[in-house]
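*Asks:* Could you have a look at this structure, given as structure tokens, before my questions?
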Amino acid sequence: MTRPLRVFLQTEMGTECEACGKRFDLVKGGACERCRRVLCPTHLHGSFARRLFVDLGARAVCVRCRAGAPQPSIDRR
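The sequence shown begins at 0 in numbering that gives the first Met the number 0 and counts up by one.
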């Protein structure tokens, strides 16, 4: 019996994206290492290729931070 790769597994854990409010599976999205926002895969990775790079060890930096946009002014204490 073949098992799927760990990077493509689904979980029952979900949360809402801080950018768009959409509910998503935590395995597909996650937190940006720069701005620390919890984001859906669209706002965190932007593309399947970028998600694959992150799954293989690249830093999880959101689309906004990679574009050099100013950080949101949210106090995260």
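Glycine included, each C-beta is placed from N, C-alpha and C at the ideal position.
Model, not experiment: these values are computed from the prediction.
Hey, out of R33, C34, G28, T41, whose CA is closest to D54's CA?
*Replies:* For D54, the nearest C-alpha among the options comes from G28.
*Asks:* Under DSSP, the alpha helix (DSSP H) around R35 begins and ends at which residues?
*Replies:* No alpha helix (DSSP H) holds R35; DSSP gives it neither H nor E.
*Asks:* Exposed or buried, which one is F47 when buried takes at least 16 other CB atoms within 10 Å?
*Replies:* Per the 10 Å Cβ criterion, exposed.
*Asks:* Measure the alpha-carbon distance for G56 versus R22 and round it to whole angstroms.
*Replies:* Straight-line Cα distance between these residues: approximately 25 Å.
*Asks:* If we ignore side chains and look at the alpha-carbon of each, how far apart do L43 and E11 end up?
*Replies:* Cα to Cα, the separation comes out at about 19 Å.
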